[in-house]
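Colleague:
In the UniProt record's numbering, the protein residues as written are 1 to 914.
1. Quick one, which of 533, 283, 841, 301 has its alpha-carbon nearest residue 663's?
2. Excluding sequence positions up to five away, which residues of its chain have a Cβ less than 8 Å from the Cβ of residue 204?
3. Should the segment 223 to 237 be called in touch with the segment 245 to 256, which here means at least 3 C-beta pairs below 8 Å?
4. Mapping the DSSP letters down to three states, classify residue 840 as helix, strand or coil.
5. Rounded to whole angstroms, what's the CA-CA distance from residue 504 to residue 511? Just pull it up for me.
6. How many Å lie between residue 652 and residue 749 at the Cα?
7. What residues match up with residue 618 in a beta bridge as DSSP calls it?
8. Measuring only between beta-carbons, confirm whether residue 344 sits less than 8 Å from chain D.
9. State the CB to CB distance for the pair residue 219 and residue 189, rounded to an integer number of angstroms; the pair is presumed to be in contact (CB under 8 Å).
10. What residue range is occupied by the uninterrupted beta strand (DSSP E) comprising residue 680?
11. Near residue 783, which residues of its chain fall below 6 Å by C-beta distance, leaving aside the five closest residues on each side in sequence?
12. Using a Cβ-Cβ cut-off of 6 Å (strictly less than) and excluding sequence neighbours within five positions of residue 154, which residues of its own chain qualify?
13. Does the Cβ-Cβ distance between residue 629 and residue 679 come in under 8 Å?
14. Can you tell me which of 465, 711, 770, 799 puts its alpha carbon nearest to the alpha carbon of residue 856?
15. The alpha helix (DSSP H) spanning residue 453 covers which residue range?
16. Are there 16 or more other CB atoms within 10 angstroms of the CB of residue 830, so buried, or fewer, so exposed?
17. Roughly how many whole angstroms lie between the Cα atoms of residue 351 and residue 281?
18. Thinking just about the alpha-carbon of each residue, which of 149, 137, 706, 842 is nearest to the one in residue 118?
19. Where does residue 828 land, buried or exposed, given buried means 16+ other C-beta within 10 angstroms?
20. Taking the continuous beta strand (DSSP E) assigned at residue 667, which residues delimit it?
21. Determine the contact status of residue 613 and residue 632, defining contact as a CB-CB distance below 8 Å.
22. Pull up the distance between the alpha-carbon of residue 110 and that of residue 100, whole angstroms please.
23. Checking 8 Å against the spacing of the C-beta atoms, do residue 296 and residue 304 come in under that value?
24. With DSSP run on the structure shown, which of helix, strand or coil describes residue 394?
25. Out of curiosity, what's the CA-to-CA distance linking residue 603 and residue 615?
26. Please work out which residues of its chain come closer than 8 Å, Cβ to Cβ, to residue 869, disregarding the five sequence neighbours upstream and downstream, and give them in chain order.
27. Could you compute how far the alpha carbon of residue 522 sits from the alpha carbon of residue 506?
28. For the segment 546 to 560 against the segment 716 to 730, do three or more pairs of beta-carbon atoms, one drawn from each stretch, fall closer than 8 Å, so that the two count as touching?
29. Taking the alpha-carbon of residue 791 as reference, which of 248, 278, 687 has the nearest alpha-carbon?
30. Throw me the rounded Cβ distance for the residue 83 and residue 71 pair, which I believe falls under 8 Å.
31. So what's residue 325 in DSSP terms, helix, strand or just coil?
32. Along the chain, where does the beta strand (DSSP E) that runs through residue 732 open and close?
33. Return the first residue and the last residue of the alpha helix (DSSP H) that residue 727 is part of.
34. Would DSSP call residue 125 helix, strand or coil?
35. Are residue 695 and residue 799 close, meaning C-beta to C-beta below 8 Å?
36. Could you say which of 542, 467, 718 lies nearest to residue 480 if we only look at CA atoms?
And the structure:
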């Protein structure tokens with residue numbers, strides 16, 4: 001080892017005479033760094049200048065590089081980049097590889113000369129050819145990024161490898177980086193780890209950090225969270241901002257170290273103080289959620305705003321979220337929109353989606369359906385757009401996802417979900433013509449795309465498209481399959497309801513009463529109003545479950561509460577009648593909705609009578625399909641009284657009692673302008689046409705059927721109404737085990753002057769069902785309806801129409817008034833016969849009430865003794881029943897009566913099936 005004092009003495013002595021270039025340089029370094037002498041930058045510059053002068057005379061690089069260094073950094077002389085360039089250039093011309101490298105650096109950055117990346121590359125290449133390590137490394141940089149030379153990643157890798165072999169820490173790191181990312185060489189994570197580790201051993205901060213990264217995620221080495229933490233800590237201690245941030249992340253999540261949220265916050269704060277956008281954002285997140293620090297939404301907002309200013313997309317998004325929700329700052333929807341839009345311009349699909357929502361609903365910006373559509377489409381067309389903020393998902397879907405690299409899979413899943421939502425909304429725009437011309441085929445196409453990505457709403461709507469043929473040919477099986485897939489992906493009330501309807505009606509699958517009940521019950525329990533309505537019917541009619549009127553009442557109360565909630569949220573009024581109709585009604589508080597005629601599809605005529613025509617149709621409402629009956633009243637545009645009577649009765653009786661046949665609302669025929677009552681559709685038609693099948697049913701099912709009819713009659717009477725026209729043609733069936741009383745056109749209230757009904761037109765109804773007192777000119781009462789019910793009881797046991805073997809004429813009328821009744825069939829249970837006879841008793845005071853009949857049926861069904869009696873009766877009647885009952889409807893469709901002998905109006909239109 002040299003003796004510095006002797007060396008300095010020697011150099012000082014020589015300097016008095018003529019010291020060599022090397023000695024002058026050495027003396028310059030001694031003064032520069034204070035080695036063996038007091039530090040003096042000016043003297044250092046003097047000796048470098050002397051060495052350079054001597055070198056120039058001897059054409060030797062000498063102190064030229066050192067003088068360039070002094071001018072570049074203002075050491076002992078005023079800083080002058082151009083003079084620095086000149087001296088480095090002289091050194092290069094004298095063959096200095098270092099001078100060539102520096103000239104290349106100056107050309108690359110435009111220091112002391114005009115920027116010229118091609119010249120930079122030439123000088124880097126020259127210095128590399130001369131074996132200069134840094135020059136070799138920078139040739140690799142030039143090739144990787146195509147700076148001053150054609151891009152060539154393989155050559156970049158070769159030069160990085162050369163520089164690494166020459167001992168360059170940066171070159172060693174870059175070789176690892178190339179192996180890690182497959183740049184210029186086949187990807188090899190293990191080799192990447194090895195080179196990162198080598199660079200870390202050479203004290204390269206980035207290398208140390210990346211070794212930690214590899215250990216954390218098991219990249220090229222076995223995963224080891226503790227080692228990851230150790231290397232992150234090393235890089236943090238050396239001032240690496242990424243290392244500091246990741247130490248915070250390790251403390252927050254307990255990666256390789258005991259979880260400590262306060263320490264996590266401290267490290268996040270350190271990285272924030274160093275200007276790191278990620279750390280700044282994370283400090284905001286800690287303040288928002290109270291992680292390691294007291295919760296403070298205002299401070300959270302401040303840090304989100306700082307991170308946004310630093311370019312953080314996450315921060316930009318969260319500033320928008322804070323303004324939108326009023327978290328930590330006064331709510332300002334316009335500013336929220338502005339930040340979401342800024343974030344959307346950065347390509348974040350979550351922000352693009354929310355911009356769609358804001359344009360769609362006019363939040364913080366004027367409503368613009370065209371812009372909403374454009375953004376929905378852009379969102380739909382985006383592929384995997386990388387990480388998406390947790391707040392976006394919280395905002396739109398109520399799911400929270402942490403923002404860190406370990407959540408990449410979940411964030412990708414979120415990306416796909418938001419893309420699917422965008423595609424779904426594009427479909428919705430095409431479906432409803434929002435911001436774009438309505439196009440059912442494109443709506444179907446986008447629903448299909450969104451469903452393929454995994455959107456449950458789109459899956460359901462795809463089923464709907466197949467169900468009604470929207471944009472695609474009708475396919476009931478595919479409709480059912482997509483409803484089923486939608487429900488399996490997410491158990492929604494509307495999917496459950498649709499599946500229940502499919503199983504009930506056999507749409508795309510076999511009919512299954514039990515499965516229908518199960519899915520309808522699920523939809524009802526999830527609050528679906530349609531499901532609740534349907535469940536009430538199931539319990540009322542014993543469909544897929546036991547008949548249970550207590551549960552009917554329970555769900556009716558729930559329905560009432562749901563209806564109140566719906567009314568509170570309603571955007572438009574429920575009643576939109578025109579002035580002529582309002583004036584024609586005795587009351588104007590009817591709350592039946594007005595249903596546009598265009599909401600009906602697949603309209604088919606199913607019956608016609610004197611007062612009107614009946615159609616069946618599909619009612620399309622909010623993506624759901626409901627089969628309905630449309631009862632059009634001829635001449636009702638002038639508010640015909642039959643229409644007013646029936647509307648009033650359905651509201652007073654049916655609308656107030658959800659177990660009754662539903663009247664959904666009023667519509668108007670597009671052609672005639674006549675009014676239409678929109679009624680519940682009965683798939684099996686009227687009881688009259690089903691009598692042969694009903695007669696073959698078991699007694700238990702017959703009693704359930706009769707109980708349904710008696711319950712409806714009790715409902716009518718409890719509202720102080722008399723039906724006046726009860727017969728098997730006015731009883732409708734969805735299935736053979738249940739029934740509804742329909743056709744309320746001749747219904748009157750008992751509080752009215754009932755004598756007014758007995759006028760010059762005669763009495764109303766079909767002769768076999770009209771009570772004797774009415775035929776004798778007396779007013780109808782509730783007991784007159786009971787007489788009609790007795791005749792229906794007989795028909796259900798016989799499978800035949802009452803007095804099917806007689807002409808409907810004056811002789812039959814007189815016979816009824818004189819006590820003529822149908823013959824009770826052999827084998828009829830005595831208790832049943834007794835009730836039936838009491839119903840058609842000539843003395844109406846001896847007839848039971850509808851409530852008493854219901855109670856009797858309940859008693860029979862719950863009593864074992866009666867059950868055995870009906871089983872015995874069933875066996876006897878199977879022998880006695882006539883199997884050849886034909887032409888039932890023909891007999892009734894042509895009633896014969898001598899109107900000259902007695903005033904009697906036979907209402908033939910009552911044969912219409914609703």
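The beta carbon of each residue, even a glycine, is placed where N, CA and C say it ideally should be.
Modeller: Once the coordinates are examined:
1. 533
2. 169, 170, 172, 173
3. yes
4. coil
5. 6 Å
6. 10 Å
7. 601, 627
8. Included in the structure is just one protein chain, with no chain D present.
9. 5 Å
10. 675 to 680
11. 844, 847
12. 184
13. yes
14. 711
15. 440 to 453
16. exposed
17. 17 Å
18. 149
19. buried
20. 663 to 668
21. yes
22. 15 Å
23. no
24. Note that residue 394 scores 38 on pLDDT, short of 50, meaning its location in the model is unreliable; the coordinates nonetheless yield the value given after this. In this structure, residue 394 counts as helix in the three-state DSSP scheme.
25. 6 Å
26. 829, 830, 831
27. 19 Å
28. no
29. 687
30. 4 Å
31. helix
32. 731 to 733
33. That residue, residue 727, is in no alpha helix (DSSP H); it is neither H nor E in DSSP.
34. helix
35. yes
36. 467
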